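Chemist: Just passing along the structure, written as structure tokens.
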Amino acid sequence: MITDKEIKISFKEYGKLDEMEILDRELALEAINAMKGSYSPYSHFHVGAAVRLSDGTIVRGANQENAAFPSGTYAERSTMFAAGAQYPDKDMVSIAVAGGLDGVLSDHPATPCGACRQVMAQYQTKAGKPMSVIMVGKDKIWKFSRVDDILPLIFDQI
Ligand code: THU
């Protein structure tokens, strides 16, 4: 039997940071601040991320590039791996991402790459509850209330 199926994605768009709930706004600002930690001599694209843990702790990170290109790390994964390593017993409840050329926040929201989304998805599974994803831009901010909305049908069969 053939069945047509659909997956619905929903998210909120904010025109400015002030419109966001206080905790989300705080995390978005932390991500913007974290862009300062970027080491990006090759792409000049500075990305910052901030993860909020279940106890309110915020962990920040930024992309770190290397002359051996694949050795570099992305902001989101650097941050989640640092949070996972330092606070293995705490759930990640939210992640915010911001980026821009030469450290200037882009107009468009920072949209994480697929590999970083897969890592978010697995930490969400580990937590057993939704992890929200906030993509920060100068002109608009997007909030997805769960990782499934930016990466449906994740690989999690092993
Ligand atoms: N980058 C991130 O850190 N996160 C993303 O989601 C996209 C790209 C970094 C990797 C590299 O240092 C630079 O941005 C350009 O791709």
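Per numbering that gives the first Met the number 0, the sequence shown starts with residue 0, numbered consecutively. We put the CB at the ideal spot given by N, CA and C, even for glycine. On a predicted model such as this, the values are computed, not experimentally measured, just so you know.
1. So if DSSP puts Phe44 in a beta bridge, which residue, or which two residues, is it bridged to?
2. Closer than 7 Å by C-beta to Thr72: which residues in its own chain qualify, once you throw out the five before and the five after it? Chain order, please.
3. In chain order, what residues of the same chain have a beta carbon less than 8 Å from the beta carbon of Ser159, not counting five sequence neighbours either side?
4. Does the stretch 33-45 come into contact with the stretch 13-21, if we say contact requires no fewer than three beta-carbon pairs (one atom in each stretch) closer than 8 Å?
5. Evaluate Pro111 with the Cβ neighbour count: other Cβ atoms within 10 Å of its Cβ, from every protein chain shown; 16 or more gives buried, anything less gives exposed.
6. For a test of your reading of the model: does the CB of Glu64 fall under 7 Å from any non-hydrogen atom of ligand 1? Yes or no.
Modeler: Short version:
1. The residue you call residue 44 lines up with position 45 of the sequence shown. In the DSSP assignment, Phe44 is bridged to Leu100.
2. In the sequence shown, counting from the first residue as 1, residue 72 sits at position 73. Only Asn62, Gln63 meet the Cβ criterion.
3. A question about residue 159 goes unanswered here, because the residues of the chain that appear run from 0 up to 157.
4. Judged by pairs of C-beta atoms under 8 Å, the stretch 33-45 does not touch the stretch 13-21, as fewer than three such pairs exist.
5. By one-based count along the sequence shown, residue 111 stands at place 112. With at least 16 other beta carbons inside 10 angstroms of its own, Pro111 counts as buried.
6. As a position in the sequence shown, residue 64 is number 65, starting the count at 1. At least one heavy atom of ligand 1 is nearer than 7 Å to the Cβ of Glu64, so yes.
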